[in-house]
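By the count of full-length UniProt numbering, the sequence shown reaches residue 243 at its end, each step adding exactly one.
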Amino acid sequence: MDSENWRIREEIPVNWRGDRDRRRVSSAPIQWPPNARAPRAVAEPAAQRVITWGEKHDKKSLQPGVIISFPHHVHDYLGAPDSSGRSITKPGFYCFTKLRKFVIVKCYERYCITIPIYTHSGYGLTHQTNPNEYVGVRDASIPNPPPSNSIHANFLVQKTTQWRNDTSNLFHDIDPKSHAQWTRPVCFNYDSTCEIEGYLQNEADIARLVALYYSDSPEKRTADEQVDNEGFRVVRRGGGRSG
Numbered sequence: 001m002d003s004e005n006w007r008i009r010e011e012i013p014v015n016w017r018g019d020r021d022r023r024r025v026s027s028a029p030i031q032w033p034p035n036a037r038a039p040r041a042v043a044e045p046a047a048q049r050v051i052t053w054g055e056k057h058d059k060k061s062l063q064p065g066v067i068i069s070f071p072h073h074v075h076d077y078l079g080a081p082d083s084s085g086r087s088i089t090k091p092g093f094y095c096f097t098k099l100r101k102f103v104i105v106k107c108y109e110r111y112c113i114t115i116p117i118y119t120h121s122g123y124g125l126t127h128q129t130n131p132n133e134y135v136g137v138r139d140a141s142i143p144n145p146p147p148s149n150s151i152h153a154n155f156l157v158q159k160t161t162q163w164r165n166d167t168s169n170l171f172h173d174i175d176p177k178s179h180a181q182w183t184r185p186v187c188f189n190y191d192s193t194c195e196i197e198g199y200l201q202n203e204a205d206i207a208r209l210v211a212l213y214y215s216d217s218p219e220k221r222t223a224d225e226q227v228d229n230e231g232f233r234v235v236r237r238g239g240g241r242s243g
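Next comes the structure, spelled out in structure tokens:
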């Protein structure tokens with residue numbers, strides 16, 4: 001056979017019965033239906049996308065009032081895999097990841113309790129129905145910062161020297177719409193890495209943060225009371241119920 005014949009010869013495919021089908025194979029482009037979508041691209045192996053944010057810090061450096069940042073992972077109840085920051089975990093659950101700032105409010109042996117800081121996509125508390133669960137967080141270096149959008153006065157943050165004059169990454173700026181939601185605490189393990197962003201400038205603000213965090217805690221029970229788990233009522237010694 002002429003070696004060039006393959007360019008012009010008629011293709012003769014074989015069907016599933018083994019018969020030869022002499023229909024000419026069309027060279028015209030395939031006409032996809034108007035609503036057809038291309039298949040999703042194959043995701044890169046996770047190892048190629050791993051990012052280490054910050055470094056491990058001695059827990060003595062992570063005290064109440066210190067502002068840290070780390071990737072925050074939460075269950076994505078919207079189940080939107082095409083949205084930025086959303087993915088499916090190996091067990092099959094949707095997860096939303098956001099690099100976020102937090103202010104430390106309480107420290108323990110292996111971890112600390114932090115309060116997340118939100119900008120809500122730059123809208124602040126405009127669309128929030130619970131604004132008084134937040135307190136404004138503002139950059140202390142900015143003259144006349146905008147007031148908090150809740151009944152609680154602003155916390156003023158002094159950025160660390162590393163980020164004070166660094167304009168290469170705007171994440172480290174304190175957005176003027178930032179508010180800390182003190183009713184939504186998040187645990188941070190000391191074995192994880194984080195970036196230290198700054199600290200609350202005033203001792204009074206640290207005390208106020210702690211007071212807000214504990215402000216709606218259940219009142220301490222007296223020594224002669226215990227909780228009846230069955231009825232969720234207080235049982236006094238001696239067997240009598242109250243409530």
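C-beta atoms are modelled at their ideal positions from N, C-alpha and C, and glycine is treated no differently.
By Cβ distance below 8 Å, which residues in the same chain neighbour residue i in space, the five residues on each side in sequence not counted?
i           : result
residue 132 : 150, 151, 152
residue 134 : 118, 125, 128, 148, 149, 150, 152, 179, 180, 181, 182
residue 164 : 141
Run through DSSP, which three-state label would residue i get?
i           : result
residue 160 : coil
residue 75  : strand
residue 139 : strand
residue 50  : coil
residue 61  : helix
residue 206 : helix
residue 123 : coil
residue 93  : coil
residue 250 : Nothing can be reported for residue 250: it is not among the residues displayed for the chain, which extend from 1 to 243.
Please return the same chain residues whose Cβ sits closer than 6 Å to the Cβ of residue i, not counting the five positions on each side in sequence.
i           : result
residue 106 : 113
residue 201 : 140, 156, 158
residue 68  : 102, 194, 196
residue 178 : 117, 119, 137
residue 72  : 98, 100
Name, in chain order, the residues that DSSP records as bridge partners for residue i.
i           : result
residue 100 : 70
residue 180 : 117, 135
residue 155 : 137
residue 195 : 69
Leaving aside the five residues before and after residue i along the sequence, list all residues of the same chain whose C-beta is less than 7 Å from its C-beta, in chain order.
i          : result
residue 57 : 194, 196
For residue i, count neighbouring Cβ atoms within 10 angstroms of its own Cβ and tell me buried if that reaches 16, exposed if not.
i           : result
residue 180 : buried
residue 92  : exposed
residue 148 : buried
Pull up the CB-CB distance for residue i and residue j, whole angstroms please, since I reckon it's below 8 Å.
i           : j           : result
residue 198 : residue 160 : 5 Å
residue 64  : residue 210 : 6 Å
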